[in-house]
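This note's numbering puts the first residue of the sequence shown at 10, with every later residue one more than the last. Presented below is the structure to which this report refers.
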Amino acid sequence: MYREIEAKFLRVDHDEIRAKLKELGAELKVPMRMVRRTVMDYPDRRLKKESAWVRLREELDGGIEVMLKKIPSNELGETFEQAVRVLDYDAAKKFLLSIGLEIKAEEESKRELWHLGDTEIMLDEWPWVDPYIEIEAPTEEAVKGLAEKLGFDWADARFGSVIRAYEDKFGVSEDDFIAAEMTIKFDDPVPELLTQASQK
Numbered sequence: 010m011y012r013e014i015e016a017k018f019l020r021v022d023h024d025e026i027r028a029k030l031k032e033l034g035a036e037l038k039v040p041m042r043m044v045r046r047t048v049m050d051y052p053d054r055r056l057k058k059e060s061a062w063v064r065l066r067e068e069l070d071g072g073i074e075v076m077l078k079k080i081p082s083n084e085l086g087e088t089f090e091q092a093v094r095v096l097d098y099d100a101a102k103k104f105l106l107s108i109g110l111e112i113k114a115e116e117e118s119k120r121e122l123w124h125l126g127d128t129e130i131m132l133d134e135w136p137w138v139d140p141y142i143e144i145e146a147p148t149e150e151a152v153k154g155l156a157e158k159l160g161f162d163w164a165d166a167r168f169g170s171v172i173r174a175y176e177d178k179f180g181v182s183e184d185d186f187i188a189a190e191m192t193i194k195f196d197d198p199v200p201e202l203l204t205q206a207s208q209k
């Protein structure tokens, strides 16, 4: 599996980040665009028990990818990924269903991609939460170094999946969020789970 280190910084102003990235000489690879994904697991949730899942996603370069993603720890931001490119989103979904996986959630987000050396910077927008940034690199030192150049305090870094943004915004627990297996789309109203969590 491919190993990477990534960190998120929440509640950011994307225009300010873009200006800083330009000053640092970063290159805009893909402007902000919509991305759809389908998250899957087996009926017995054996992948969830290993902090893993299968994701079918439209990639920023226009391709389609099926990925097995595993997060062994939320302490470091370390993830392991194994991916394969496919030609057709719906056909790939049917294939995954045919081998026993089932759909946990359908999701939409918007993402913009920048490169600086061997570091990737993603500007992300997800339904119902504030914009955030994700920095991804082969080493923790590279992620920390760019975070510092962008003016972030490493103590504010968040590790793991997009769930961190929903925890921050609504106070929902990771266990409740995962158990809900919510569809997340921009035109949908905020789910009751999140509104109730924010009132606690």
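We put the CB at the ideal spot given by N, CA and C, even for glycine. None of the values given here were measured: they were computed from a predicted structure.
Note to self: I'd like the span of the beta strand (DSSP E) that includes F89, first residue to last.
What the structure shows: In the sequence shown, counting from the first residue as 1, residue 89 sits at position 80. Start and end: 87 to 95.
Notebook entry, point to check: Can you pull the DSSP bridge partners for M76?
Noted result: Within the sequence shown, the letter at position 67 stands for residue 76. Looking at the DSSP assignment, M76 forms a beta bridge with R64, A92.
Note to self: Counting C-beta neighbours from all protein chains within 10 Å, is the total for G169 16 or more, i.e. buried, or is it exposed?
What the structure shows: Residue numbering aside, residue 169 sits at position 160 when the sequence shown is read from its first letter. Answer is buried; the Cβ neighbour count reaches 16.
Margin query: As a quick exercise: from L110, E116, T128, pick the residue whose alpha carbon is nearest that of G34.
Written below: Position 25 of the sequence shown, counted from the start, is the residue given in the question as residue 34. Nearest option by C-alpha distance: T128.
Note to self: By the DSSP assignment, the beta strand (DSSP E) with A114 in it spans what residues?
What the structure shows: As a position in the sequence shown, residue 114 is number 105, starting the count at 1. Its beta strand (DSSP E) spans residues 111 to 125.
Check: What is the DSSP secondary structure of L19, counted as helix, strand or coil?
Finding: On the sequence shown, residue 19 is found 10 positions in, with the first residue counted as 1. Coil, per DSSP.
Margin query: Here's a check: name, in chain order, each residue in its chain whose Cβ is nearer than 7 Å to the Cβ of K153, leaving out the five neighbours to either side.
Written below: As a first step, residue 153 is located in the sequence shown; it is residue number 144 there, counting from the start. So the list reads W163, once near-sequence residues are dropped.
Notebook entry, point to check: What number of angstroms, rounded off, separates the C-alpha of V95 from the C-alpha of D139?
Noted result: The residue labelled residue 95 in the question sits at position 86 within the sequence shown. The residue labelled residue 139 in the question sits at position 130 within the sequence shown. If I take the Cα positions, the gap works out to 31 Å.
Margin query: So for D133, helix, strand or coil by DSSP?
Written below: The residue labelled residue 133 in the question sits at position 124 within the sequence shown. D133: strand per DSSP, three-state reduction.
Margin query: Check for me: the alpha helix (DSSP H) holding T204 runs from which residue to which?
Written below: Mapped onto the sequence shown, residue 204 falls at position 195. 201 to 207 is the span of the alpha helix (DSSP H), which, as asked, contains T204.
Next item on the list: Can you give me the Cβ contacts of A206 inside the same chain, cut-off strictly under 6 Å, excluding the 5 residues immediately before and after it?
Entry: Counted from its first residue, the sequence shown places residue 206 at position 197. The answer, listed in chain order, is F179, G180, V181.
Next item on the list: Take the Cβ of M43 as the centre, count every other Cβ of all protein chains shown within 10 Å, and call the residue buried at 16 or more, exposed below.
Entry: Translated into the one-based positions of the sequence shown, residue 43 becomes position 34. Answer is exposed; the Cβ neighbour count stays below 16.
Check: Among L203, T204, W137, V63, which one has its Cα closest to the Cα of L108?
Finding: Locating residue 108 in the sequence shown gives position 99, counting from the first residue. Contrary to the premise, residue 108 reads as Ile rather than Leu in this sequence. The shortest Cα separation from I108 among L203, T204, W137, V63 belongs to V63.
Next item on the list: Find the nearest neighbour of W135 within the set F104, K102, K194, judged by alpha-carbon distance.
Entry: Start at 1 with the first residue of the sequence shown, and residue 135 comes out as number 126. Ranking F104, K102, K194 by Cα distance to W135 puts K194 first.
Next item on the list: Give the single residue among E36, K57, R45, V21 whose Cα lies nearest to the Cα of Y98.
Entry: On the sequence shown, residue 98 is found 89 positions in, with the first residue counted as 1. The residue with the shortest Cα to Cα distance from Y98 is R45.
Check: If you draw a straight line from the alpha carbon of M76 to that of A92, how long is it in whole angstroms?
Finding: Here the question's residue 76 lines up with position 67 in the sequence shown. Here the question's residue 92 lines up with position 83 in the sequence shown. Taking the straight line joining both Cα atoms gives about 4 Å.
Notebook entry, point to check: Does the count of Cβ pairs from the stretch 143 to 152 and the stretch 11 to 25 closer than 8 Å reach three?
Noted result: yes
Check: Of all the options A188, V39, T204, E201, which has the alpha carbon lying nearest to the alpha carbon of K57?
Finding: Taking the first residue of the sequence shown as 1, we reach residue 57 at position 48. Among A188, V39, T204, E201, the Cα nearest to that of K57 is on A188.
Next item on the list: Measure from the alpha carbon of K113 to the alpha carbon of each residue in L105, E176, H124, then state which is nearest.
Entry: Working through the sequence shown from its first residue, we reach residue 113 at position 104. When each option's Cα is compared against that of K113, the closest is L105.
Checklist line | Top-ranked residue by Cα proximity to P40, from R27, G72, T204, I172 | finding: Reading the sequence shown from its first residue, position 31 is the one you call residue 40. Answer by Cα proximity: R27.
Item checked: D177: first and last residue of the uninterrupted alpha helix (DSSP H) it sits in -> Position 168 of the sequence shown, counted from the first residue, corresponds to residue 177. In the DSSP assignment, D177 falls within the alpha helix (DSSP H) that extends over 172 to 179.
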